[in-house]
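One structure below.
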Amino acid sequence: MGYDFAGTVEAVGNKVTRVRIGDDVLGGVSIKESGAFADVVVAREDDVVKKPAGLSFEAAAAIPIVGITAYQALFNKGNLRRGASVFVHASLGGVGRSAVQLASAHGATVAGSCRPGSASEARALGIDPIVDFDFDPATLQQKFDIVLDASGTLPVKTARKILARKGRIITVKPSPANMARSALPGPFRVVIGQPSTADLEAIAQAAGDGHLRPPIAQVVPLSEAIPALTSLEQHGTAKRGKLIIVPG
Ligand SMILES: NC(=O)c1ccc[n+]([C@@H]2O[C@H](COP(=O)([O-])OP(=O)(O)OC[C@H]3O[C@@H](n4cnc5c(N)ncnc54)[C@H](OP(=O)(O)O)[C@@H]3O)[C@@H](O)[C@H]2O)c1
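Residue 248 is where the sequence shown ends in UniProt numbering, and the numbering goes up by one at each step.
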């Protein structure tokens with residue numbers, strides 16, 4: 001199992017030019033093959049970028065999949081421009097929070113939804129206004145250039161009501177209905193995070209610059225990964241954020 005990783009390069013194939021033995025890197029393995037929950041990981045050169053020096057290995061391992069998904073939702077699907085307005089549904093999850101941070105760093109204004117008890121956390125991220133998950137769209141005065149559903153639970157009707165003219169609705173949920181909607185002309189798009197060295201470099205740089213910091217809920221050694229994953233599946237984490245598995 002496992003997609004995201006960070007670590008130090010131990011060996012490279014003879015055609016590899018972008019990274020060298022001893023480089024500190026972050027990246028992902030293919031979802032199909034997986035295998036990042038391990039002491040040693042084999043990855044394609046295109047899926048690996050250098051880790052910014054100021055970023056810990058734990059923080060670096062927390063960003064690839066949520067960062068790429070948020071980045072591609074905003075920039076590839078949403079054509080995010082400076083000064084745009086963005087609404088992020090589920091703004092404190094891995095993808096949601098990454099989108100909030102990347103959009104803010106790009107000069108967008110960001111509104112979003114979260115649980116009622118989490119509003120202060122959302123406020124600290126600069127989200128304004130903040131609404132509950134099941135908000136009434138009539139209570140929002142503003143229309144948004146991008147409505148990003150980062151949990152796949154926002155009713156399409158609600159998303160349409162808060163969308164600005166020529167805006168985009170983007171969802172992380174590739175359900176058959178959403179795939180069909182996104183194939184039709186109109187504002188609806190599904191984001192499916194795709195491997196991209198350039199996008200991985202962009203999020204690594206954002207993390208290095210301090211603009212992208214997914215929270216870490218728990219760090220466990222590999223020997224304790226199975227109970228930690230089981231508990232995550234059954235109860236979530238006690239604290240919001242990523243479960244990080246370290247060698248040992
Ligand atoms: N398409 C892609 O390429 C792609 C890539 C990565 C992830 N995903 C999908 O994106 C989704 C989010 O992933 P993630 O890694 O960000 O997960 P995550 O960190 O667990 O975040 C999930 C978010 O959903 C919120 N949530 C829980 N119940 C909700 C409800 N009833 N209504 C609205 N929001 C609710 C959570 O809020 P609380 O924290 O308050 O519970 C949290 O903010 C998952 O469905 C995942 O499968 C898709």
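No residue lacks a Cβ here, since even glycine has one placed at the ideal position from N, Cα and C.
Three-state secondary structure assigned by DSSP to residue i
i, result
"Ala-164", "strand"
"Pro-247", "coil"
"Thr-69", "helix"
"Phe-37", "coil"
"Leu-232", "helix"
"Lys-77", "helix"
"Asp-24", "strand"
"Pro-116", "helix"
"Ile-130", "strand"
"Ile-216", "strand"
Endpoints, alpha helix (DSSP H) assigned at residue i
i, result
"Arg-123", "119-124"
"Ala-105", "94-105"
"Ala-111", "Premise fails: Ala-111 lies in the beta strand (DSSP E), 109-113, not in any alpha helix (DSSP H)."
"Ala-61", "57-61"
Contact set for residue i: own chain, Cβ-Cβ below 7 Å, skip 5 residues either direction
i, result
"Leu-55", "Ala-207, Gly-208"
"Gly-27", "Phe-5, Ala-43, Asp-47, Val-48, Val-49, Pro-64, Leu-200"
"Gly-93", "Ala-150, Ser-151"
"Thr-197", "Asp-46, Val-49"
"Pro-137", "Thr-158, Lys-161, Ile-162"
"Ala-225", "Phe-37, Ile-245"
Own chain, CB closer than 6 Å to residue i, minus 5 neighbours either side, in chain order
i, result
"Lys-173", "Gly-152"
"Ile-146", "Gly-78, Val-86, Arg-168"
"Gly-241", "Pro-215, Ile-216, Ala-217"
N- and C-terminal bounds of the beta strand (DSSP E) containing residue i
i, result
"His-89", "85-89"
"Val-48", "48-50"
"Thr-17", "Unbroken run through Thr-17: none, as it is neither H nor E."
"Thr-8", "4-8"
Contacting residues, own chain, Cβ-Cβ under 8 Å from residue i (five flanking each side not counted)
i, result
"Pro-116", "Asp-132"
"Arg-20", "Val-9, Val-12"
"Pro-247", "Asp-39, Pro-221, Leu-222"
"Ala-111", "Ser-85, Val-86, Phe-87, Val-88, Ile-127, Asp-128, Pro-129, Ile-130, Val-131, Leu-140, Gln-142, Phe-144"
"Arg-82", "His-106, Gly-107, Ala-108"
"Ser-34", "Met-1, Gly-2, Tyr-3"
| Fully enclosed by the region 132-208, which beta strand (DSSP E) runs are 3 residues long or longer? | Segments of the beta strand (DSSP E) lying fully in the region 132-208: 144-149, 163-171, 188-190.
| If you pair each beta-carbon of the region 86-99 with each one of the region 29-40, do three or more pairs fall below 8 Å? | Too few Cβ pairs lie closer than 8 Å, so no.
| query | Should the region 94-109 be called in touch with the region 59-76, which here means at least 3 C-beta pairs below 8 Å? | reply | In short, these stretches touch, since the Cβ pair count reaches three.
| Is there contact here, the region 103-115 with the region 163-183, by at least three beta-carbon pairs under 8 Å? | Short answer: they don't touch.
| message | With three or more beta-carbon pairs closer than 8 Å as the criterion, would you say the region 208-218 touches the region 230-248? | response | The count of Cβ pairs closer than 8 Å, one atom from the region 208-218 and one from the region 230-248, reaches three, so the stretches are in contact.
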